[in-house]
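For reference, the structure is listed below as structure tokens.
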Amino acid sequence: MAKSKTQYFCKNCGAQSAQWLGKCPSCGEWNTFEEEVLIREEAPAKGRSMVVTTQKHPKPIDEVSLLELPRIPTGFSEFDNVLGGGIVAGSIILLGGEPGIGKSTLLLQMALQQGQHKVLYVSGEESESQLKMRAARLSTAPAPNCYVLTETNTQQIFKQIEDLKPDIIIIDSIQTMQSGLLDSAAGSISQLKECAAEFQHLAKTSGTPIFLIGHITKDGTLAGPKILEHIVDTVLQFEGDMHYGYRIVRCIKNRFGSTSEMGIFEMVQNGLNEILNPSEILLSQHEEECSGNAIASILEGNRPMMIETQALVSSAVYGVPQRSATGYDIRRMNMLLAVLEKRCRFKLGAKDVFLNIAGGIRVEDPAINLAIVAAILSSATDIAIDAKTCFAGEMGLSGEVRPVTRIAQRIAEADKLGFTRMFVSKYNLKGIKTSDFNIKIIPISKVEEMFRSLFDK
Ligand code: TYD
Ligand code: MG
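Residue 590 in this note's numbering sits at position 314 of the sequence shown; the count goes up by one each step and never skips.
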């Protein structure tokens, strides 16, 4: 007789409990525990001999031989960069993102671009003909080595994998997979845990890299998040604004590379195109100069790029001024406004302030602060900043302009793109020979200095 057992799992963090709890002791969320029935088969599952049987002894690390892990190129140089130089054999990569952002497209396109490597694309979401339709849309050459399978039972999938022996496996998506060893529904925490563990076992024993597509919950985290993130080697996030074509792949965790890399793509009629020099598209071309625009030098991953920030400051029509920001954290914008108000005595308290970052790209680099301040001041004074001026600096709470990382790289990029003037923190210039560049560097320590230089004419 199969023994039936129920357990309660937190929907948010995956914490497990024998009884229902109102508040999750692990993540603090309320009302997230759900009962799941686990019926284990009598005999322990065969395919999962996770227990190590051979005895291992500790070894000095100097004696461990260094194996360079072979990497398979994805066919996208942007994607390779994010992965730290290609797909590592035996690694398991989780790609998360909102529905419709392009996760299936990216991985199918990658599968179609593999020449000699055999790829198995397992879909639990689309039928074979739907996959074919999508593949036909993507303008890639015929790919005789790309196989598709529409199956959700993991044991069945493993059987097919044994026969086909693919070099790369893509699972679309982990939430639709169901292990026959558990009785709970696909997408439940226990199924996610079990399926991820089974795929991990497969990846580690066969040396085949596996991509798992993961759904994202409403608040933007991966569904069944922490458990999956612990199991996999690499966590990638695919993001972008639905109203724009630009998509960014960010690396959140990577056991085989740096997490500071990112790749930029554009979604077009026939799939995703990689964007190799983002500065050129993120600077909108204006015929005439317009107040409220300022160009920031930011670092996304390890790559410097120029991006346009736009601000609109106008008198509030209603009693409470409106503040809105696209591509930027509104709380950070409010903080900048408070600094301008309190430290620099600009009267912005009764103004509506709208902020927009070009391309719908979410920027986290604090070096964008100085450009945002410049854009707000430009709109407030209605004086345009010339299009060949750019900014890189962080703002402190007392109105001081703080240094940012890798300033030399930023200056070089601005110089290369033909900018003539760049405002940076004066504390940033240690060891930088400004005479090496054509661009004129203007060191400042306070926002007022920038204001005087730009608008006090
Ligand atoms: P999809 O890969 O299905 O998203 P996900 O798997 O993340 O849910 O992406 C679907 C979106 O991409 C869809 O809204 C249409 C768009 N798209 C294009 O613009 N061009 C294309 O060539 C393809 C295949 C999709
Ligand atoms: Mg999909």
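Yeah, the Cβ is synthetic: ideal placement off N, Cα and C, and Gly gets one too.
Q476 is classed as buried because its beta carbon has at least 16 other beta carbons within 10 Å across all chains shown.
With the rule of 3 Cβ pairs closer than 8 angstroms, the region 602-609 does not count as touching the region 619-627. With fewer than 16 other beta carbons inside 10 angstroms of its own, P346 counts as exposed.
For F713, no beta strand (DSSP E) segment is defined, and its DSSP state is neither H nor E. Judged by DSSP in its simplified three-state form, Y703 adopts helix. When secondary structure is reduced to three states using DSSP, F514 falls in the strand class. If you draw a 10 Å sphere on the C-beta of T510, you find 16 or more other C-beta atoms in it, and that means buried. Placement of the Cβ of S405 at a distance of 6 angstroms or more from every heavy atom of the ligand MG is found. Note: S590 is bridge-paired with D628 in the DSSP secondary-structure output. Secondary structure note for D459: it is in no alpha helix (DSSP H), with a DSSP letter that is neither H nor E.
Within the same chain, Q513, M538 come within 6 angstroms of R526 by CB-CB distance, once the 5 residues on both sides are set aside. Membership of S482 in the alpha helix (DSSP H) is indicated by the continuous run 465-482. Beta-bridge pairing by DSSP links I659 to no other residue. In terms of Cβ geometry, D448 and S403 do not form a close pair [threshold 7 angstroms].
DSSP places V508 outside both helix and strand once states are collapsed to three, so it counts as coil. In the DSSP assignment, D448 is bridged to S399.
Listed in chain order, the non-local C-beta contacts of T665 below 6 angstroms within the same chain comprise R697, local neighbours out to five positions each way being set aside. Here the distance from the Cβ of S399 to the nearest heavy atom of the ligand MG is not below 6 angstroms. As for any beta strand (DSSP E) of minimum length 3 sitting wholly inside the region 417-443, the runs are 422-425, ordered along the chain. Inter-residue distance for K692 and Q685 is about 11 angstroms (C-alpha atoms, whole angstroms). Within 6 angstroms of the C-beta of T381 there is at least one heavy atom belonging to the ligand TYD.
Just measuring C-alpha positions, the residue of E724, S464, Q392, Q406 sitting nearest V615 is E724.
With respect to the 7 angstroms criterion, T585 and I648 are classified as neighbours on the basis of their beta carbons. Inclusion of L548 and L371 in the CB contact set at 7 angstroms is not warranted, their separation being larger than that value. For K287, no alpha helix (DSSP H) run applies, since DSSP gives it neither H nor E. Straight across, the Cα-Cα distance linking D641 with V677 is about 15 angstroms. Beta-bridge pairing by DSSP links E550 to F541. Shown here for N645: same chain residues with a beta carbon closer than 8 angstroms to its own, the five before and five after excluded, namely R608, L612, G669, E670, M671 in chain order. Counting only residues of its own chain and dropping the five nearest sequence neighbours on each side, E311 has a CB closer than 8 angstroms to the CB of T282, Q283, Y284, W296. A buried status is given to D356, since no fewer than 16 other beta-carbon atoms sit within 10 Å of its beta-carbon. For E576, the uninterrupted beta strand (DSSP E) run begins and ends at 569-576, by DSSP.
The C-beta of A412 has fewer than 16 other C-beta atoms within 10 Å across all chains shown, which makes the residue exposed.
Within the region 353-397, the complete beta strand (DSSP E) runs of at least 3 residues fall at 368-373. Taking 7 angstroms as the cut-off, the Cβ atoms of V629 and V593 do not count as close.
Excluding its 5 nearest sequence neighbours in each direction, K469 has C-beta neighbours in its own chain below 6 angstroms: I503, listed in chain order. For G490, the three-state secondary structure derived from DSSP is strand.
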